[in-house]
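2 protein chains.
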Amino acid sequence: MPAKNAFYAQSGGVTAVINASAAGVIEATREHPADIGTVYAGANGILGALHEELIDTTAESAETIAALRHTPAGAFGSARYKLKGLEENRAEYERLIEVFRAHDIGYFFYNGGGDSQDTAHKVSQLGEAMGYPVTCIGVPKTVDNDLPVTDTCPGFGSVAKYIAVATREAGLDVASMAETSTRVFILETMGRHAGWIAAASALARERDGDPPHVILLPEVPLDEQRFLDRVRQSVEAFGYCVVVVSEGVKTADGRFLSDQGTRDAFGHVQLGGVAPVVAAMIKNHLGYKYHYAIADYLQRAARHIASATDVEQAHALGRAAVELALAGRNAVMPTIVRGSDSPYRWHIGEVALEAVANREAKMPAEYIDDSGFFVTEAALRYLRPLIAGEDYPPYRDGLPDYARLRGQRVAKRLPAFGT
Amino acid sequence: MPAKNAFYAQSGGVTAVINASAAGVIEATREHPADIGTVYAGANGILGALHEELIDTTAESAETIAALRHTPAGAFGSARYKLKGLEENRAEYERLIEVFRAHDIGYFFYNGGGDSQDTAHKVSQLGEAMGYPVTCIGVPKTVDNDLPVTDTCPGFGSVAKYIAVATREAGLDVASMAETSTRVFILETMGRHAGWIAAASALARERDGDPPHVILLPEVPLDEQRFLDRVRQSVEAFGYCVVVVSEGVKTADGRFLSDQGTRDAFGHVQLGGVAPVVAAMIKNHLGYKYHYAIADYLQRAARHIASATDVEQAHALGRAAVELALAGRNAVMPTIVRGSDSPYRWHIGEVALEAVANREAKMPAEYIDDSGFFVTEAALRYLRPLIAGEDYPPYRDGLPDYARLRGQRVAKRLPAFGT
Numbered sequence: 001m002p003a004k005n006a007f008y009a010q011s012g013g014v015t016a017v018i019n020a021s022a023a024g025v026i027e028a029t030r031e032h033p034a035d036i037g038t039v040y041a042g043a044n045g046i047l048g049a050l051h052e053e054l055i056d057t058t059a060e061s062a063e064t065i066a067a068l069r070h071t072p073a074g075a076f077g078s079a080r081y082k083l084k085g086l087e088e089n090r091a092e093y094e095r096l097i098e099v100f101r102a103h104d105i106g107y108f109f110y111n112g113g114g115d116s117q118d119t120a121h122k123v124s125q126l127g128e129a130m131g132y133p134v135t136c137i138g139v140p141k142t143v144d145n146d147l148p149v150t151d152t153c154p155g156f157g158s159v160a161k162y163i164a165v166a167t168r169e170a171g172l173d174v175a176s177m178a179e180t181s182t183r184v185f186i187l188e189t190m191g192r193h194a195g196w197i198a199a200a201s202a203l204a205r206e207r208d209g210d211p212p213h214v215i216l217l218p219e220v221p222l223d224e225q226r227f228l229d230r231v232r233q234s235v236e237a238f239g240y241c242v243v244v245v246s247e248g249v250k251t252a253d254g255r256f257l258s259d260q261g262t263r264d265a266f267g268h269v270q271l272g273g274v275a276p277v278v279a280a281m282i283k284n285h286l287g288y289k290y291h292y293a294i295a296d297y298l299q300r301a302a303r304h305i306a307s308a309t310d311v312e313q314a315h316a317l318g319r320a321a322v323e324l325a326l327a328g329r330n331a332v333m334p335t336i337v338r339g340s341d342s343p344y345r346w347h348i349g350e351v352a353l354e355a356v357a358n359r360e361a362k363m364p365a366e367y368i369d370d371s372g373f374f375v376t377e378a379a380l381r382y383l384r385p386l387i388a389g390e391d392y393p394p395y396r397d398g399l400p401d402y403a404r405l406r407g408q409r410v411a412k413r414l415p416a417f418g419t
Numbered sequence: 001m002p003a004k005n006a007f008y009a010q011s012g013g014v015t016a017v018i019n020a021s022a023a024g025v026i027e028a029t030r031e032h033p034a035d036i037g038t039v040y041a042g043a044n045g046i047l048g049a050l051h052e053e054l055i056d057t058t059a060e061s062a063e064t065i066a067a068l069r070h071t072p073a074g075a076f077g078s079a080r081y082k083l084k085g086l087e088e089n090r091a092e093y094e095r096l097i098e099v100f101r102a103h104d105i106g107y108f109f110y111n112g113g114g115d116s117q118d119t120a121h122k123v124s125q126l127g128e129a130m131g132y133p134v135t136c137i138g139v140p141k142t143v144d145n146d147l148p149v150t151d152t153c154p155g156f157g158s159v160a161k162y163i164a165v166a167t168r169e170a171g172l173d174v175a176s177m178a179e180t181s182t183r184v185f186i187l188e189t190m191g192r193h194a195g196w197i198a199a200a201s202a203l204a205r206e207r208d209g210d211p212p213h214v215i216l217l218p219e220v221p222l223d224e225q226r227f228l229d230r231v232r233q234s235v236e237a238f239g240y241c242v243v244v245v246s247e248g249v250k251t252a253d254g255r256f257l258s259d260q261g262t263r264d265a266f267g268h269v270q271l272g273g274v275a276p277v278v279a280a281m282i283k284n285h286l287g288y289k290y291h292y293a294i295a296d297y298l299q300r301a302a303r304h305i306a307s308a309t310d311v312e313q314a315h316a317l318g319r320a321a322v323e324l325a326l327a328g329r330n331a332v333m334p335t336i337v338r339g340s341d342s343p344y345r346w347h348i349g350e351v352a353l354e355a356v357a358n359r360e361a362k363m364p365a366e367y368i369d370d371s372g373f374f375v376t377e378a379a380l381r382y383l384r385p386l387i388a389g390e391d392y393p394p395y396r397d398g399l400p401d402y403a404r405l406r407g408q409r410v411a412k413r414l415p416a417f418g419t
């Protein structure tokens, strides 16, 4: 009996290292041709399976697959597309199984966050029920660091490093000009529901008085007066103030601070960004000259400054997913298990998909200090190893030389899916 | 007769490599103790001279000075402080000469843009007139790349590299998600008067269809309808559109696009940023999901991704300034002279300060293509070598290990300056 093929898909917001996980999956399967046949990748994630848009990874050279390790974003395309419950979306789940059956796919590696692990879990259940069992293994990924059980999620360490480096560099800039120019600098980070990314900026501080001076976390409702006092104290003490603000910061009544209903001159709702709202507070109440940066996708795409630890873990988790499948495991996800903080030790563990599906890991309360404007030493101990090490991509003509896939499609065998 | 001392000051907006020029100046003087004594650096630039706040660079070890080469921002403090004409600001110019005389300073190295070269030129003239001749040498610096005569300005190559890398990385991110998420990504760059920085994003494009798809330059008044057409064409052809917009883009009637008079719900003027204005256009007229990033200070402080060419030139120009002084030159500035584009060859030239003072170099019209939304091959030929090479800072605990100065002040010898 020839080996079953595999399906690999990327899901949700992409990261600097999700392709490193893809490389791990593909490289590990290539080492076991007797056990796993062709790896098909979904064009645009799970949509690739629904629409039978399969990318034949055997058309990519070993060099190209290796280059995925240093290439950011989703090389096969990712999708924000959530399959809901089996009842509501039964036709879609069945379609997945049909496509898998048509292409002799017996393994499903789903590289994503909590929603994706939920989908992988359901596919595993439905395949069983439909008489076409599929080995479903999750591969964790999310810059938000909000998956439970695993110590961290690939993608987070690199965005954390980016934000810490940016805070240190911009902090030096502001410090050197504050006498005659900008007094308050605001850096807006991602993190709609948890403050992990903003918290990582704290790693930039080496000594008292170093930036960041204030971190605004989604976990702490903003007390405007206390915040303004803190900014003023920082400017008075150090000459300047660096504020790192998570996009998810909320007011005391639970609304996103960025949802201020601001409108432009034509009455259009003003578009996004919590940084300008914070800047306006400072301008209107303290009058300091300010500047702000909104890193947006730059932070999660910044493979050029990726954490070597993160890259290594992303790659190792991709490989581990294949090894779990080869070991006969099903409906599980490999995890990072921390052995110790310093020296940092970690190994790969395993968790049942149903234990991670649709569950969000919050930042522990003991990681936020009493003021609510900074993190604790416990948080720093947790965060520090995650940004350790540099893993530079190769450069050509002054720019990172990222992988380009041939992206060869597999001939379709089924009628179009009628959604 | 003991050697005269030197005064070094940083001026205006800081860069990723202005400290490399400082290292060049200080290292070169240390090699000639018989000719130049102590280098005093101005605390907060020229203000340090006016207020007699002098930093004794001899208190910094050779290792610390060498580390300035890889440290961004202004290690001695910079200032946005322009001395105007000799008539209007005579007292300040005279104060400079008095401070120089009090500390036996015979050399003035001024590291800045056009305004600073003007100041250095005037100090040279006034010293002569006051019977206290000072050798005044400019050291070029500006991310805006707008100094005349010199082929490029230290600081520009690194910000150009940052923007090109960011465009490539964010472009991959958007491309991989466009099917179900963001269609249009907008990156706002610095460049209030010239489009050099935004233009550098074009280096990210390797093949037709690669980002950036549209570049909005201050040199080209925005034609909103043509812009929107171009964005729609890009989304239809490639599935997405990356727009790089210079903060200095203007409307047809000559106003900054960012000055839209937008107000928040409380009637406060909405604060800054051209990216949200462009985003609103796209949202309101095309309806595409958008995201935007505002790099702000991150771009000019990003020493972690500095151009090796830029670092080398910044350092060489600092050294060259000292060599010009030792050769008896006065009121001049060392420049970069380009020998050839490819292979890239350059050497150090020299220009009279009066030929660069207060003159802005514009981006040549032949660098902008007929559409007005992209640059020409001539521009790319010019830009390409400026971002070449990587020059990574050392890292400790996952973060760049930047220099910290002792910053030891020199005892004051004069009464406070009464402005």
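Listed in order, the protein sequences are those of chains A and B.
So in full-length UniProt numbering, spot 384 of the first sequence is number 384, and the numbers just go up one at a time.
So in full-length UniProt numbering, spot 17 of the second sequence is number 17, and the numbers just go up one at a time.
From the three backbone atoms N, C-alpha and C, an ideal C-beta is built for every residue, glycine too.
Based on the DSSP secondary-structure assignment, which residues constitute the bridge partners of residue i?
i: residue 56 (chain A); result: A:40
i: residue 282 (chain B); result: Answer is none; residue 282 (chain B) lacks a bridge partner.
i: residue 188 (chain A); result: A:245 and A:294
i: residue 10 (chain A); result: A:111
i: residue 346 (chain A); result: A:338
i: residue 127 (chain A); result: DSSP, once it has assigned bridges, lists no residue as partnering residue 127 (chain A).
i: residue 138 (chain B); result: B:110
i: residue 390 (chain B); result: B:307
Am I right that residue i and residue j are in contact with their C-beta atoms under 8 Å? What's the rounded C-beta distance?
i: residue 200 (chain B); j: residue 164 (chain B); result: 5 Å
i: residue 147 (chain B); j: residue 123 (chain B); result: That belief does not hold up - the Cβ atoms of residue 147 (chain B) and residue 123 (chain B) are roughly 18 Å apart, past 8 Å.
i: residue 390 (chain A); j: residue 273 (chain A); result: Between residue 273 (chain A) and residue 390 (chain A) the Cβ distance is about 30 Å, and since that is not below 8 Å, they are no contact.
i: residue 252 (chain B); j: residue 20 (chain B); result: Wrong, their Cβ atoms sit about 41 Å apart, outside the cutoff.
i: residue 299 (chain A); j: residue 214 (chain A); result: About 19 Å; that fails the 8 Å criterion.
i: residue 45 (chain A); j: residue 78 (chain A); result: 5 Å
i: residue 240 (chain B); j: residue 183 (chain B); result: 5 Å
i: residue 155 (chain B); j: residue 17 (chain B); result: 6 Å
i: residue 257 (chain A); j: residue 222 (chain A); result: 6 Å
i: residue 295 (chain B); j: residue 293 (chain A); result: 6 Å
i: residue 234 (chain B); j: residue 110 (chain B); result: About 45 Å separates the two Cβ atoms, so there is no contact after all.
Residues in the segment 292-325 of chain B having any Cβ partner in chain A nearer than 9 Å: 292, 293, 294, 295, 296, 297, 298, 299, 300, 301, 302, 303, 304, 305, 307, 308 and 309
Short-range partners of chain B found in the segment 69-93 of chain A, where Cβ spacing is below 9 Å: Residues of the segment 69-93 of chain A with a C-beta less than 9 Å from any C-beta of chain B: 71, 72, 73, 74, 75, 76, 77, 78, 79, 80 and 81, listed in chain order.
Ranges of the beta strand (DSSP E) found wholly within the segment 216-265 of chain A, counting only runs of at least 3: 241-246
Where the segment 397-408 of chain A meets chain B: residues whose CB sits under 7 Å from a CB there: 397, 398, 399, 400 and 402
Members of the segment 166-179 of chain B near chain A, C-beta cut-off 9 Å: 166, 168, 169, 170, 171, 172, 173, 174, 175, 176, 177, 178 and 179
contact_flag[the segment 138-153 of chain A, the segment 277-288 of chain A] where n(CB pairs < 8 Å) is 3 or more: no
The segment 69-79 of chain B in contact with the segment 170-190 of chain A per 3-pair CB rule at 8 Å: yes
Runs of beta strand (DSSP E) wholly within the segment 48-124 of chain B (minimum 3 residues, chain order): 54-56 and 105-112
Members of the segment 201-230 of chain A that neighbour chain B once the beta carbon cut-off is set at 7 Å: 203 and 204
Chain A contacts made by the segment 41-56 of chain B, where a contact means CB separation under 7 Å: 44 and 47
Selection of the segment 381-393 of chain A by Cβ proximity to chain B, strictly under 9 Å: Residues of the segment 381-393 of chain A that bring their beta carbon within less than 9 Å of a beta carbon in chain B comprise 384, 385, 386, 387, 388, 389, 390 and 392, in sequence order.
contact_flag[the segment 29-36 of chain A, the segment 366-376 of chain A] where n(CB pairs < 8 Å) is 3 or more: no
At least three beta-carbon pairs within less than 8 Å, the segment 61-71 of chain B to the segment 396-406 of chain B: Touching, per the Cβ criterion.
Whole runs of the alpha helix (DSSP H) within the segment 149-191 of chain A, excluding any shorter than 4 residues: List check, alpha helix (DSSP H) in window: 156-177.
The segment 85-101 of chain A in contact with the segment 119-135 of chain A per 3-pair CB rule at 8 Å: In this structure the segment 85-101 of chain A touches the segment 119-135 of chain A; the number of beta carbon pairs closer than 8 Å is three or more.
Stretch pair the segment 112-120 of chain A + the segment 351-360 of chain A: three plus CB contacts closer than 8 Å: yes
Segment contact, 8 Å Cβ cut-off, at least three pairs: the segment 50-58 of chain B with the segment 404-416 of chain B: yes
Contact between the segment 338-351 of chain A and the segment 380-389 of chain A (3+ Cβ pairs under 8 Å): yes
Touching by the beta-carbon criterion (3+ pairs, under 8 Å), the segment 203-223 of chain A and the segment 239-258 of chain A: The segment 203-223 of chain A is in contact with the segment 239-258 of chain A.
Under 7 Å (Cβ pairs) to chain A, residues found in the segment 360-381 of chain B: none
Chain-ordered residues of the segment 143-163 of chain B with a beta carbon less than 7 Å from chain A: 161
Contacting positions in the segment 272-289 of chain A - beta carbon closer than 9 Å to chain B: 272, 273, 275, 276, 277, 279, 280, 283 and 284
Near-chain B residues of the segment 14-43 of chain A (beta-carbon distance less than 7 Å), N- to C-terminal order: 14
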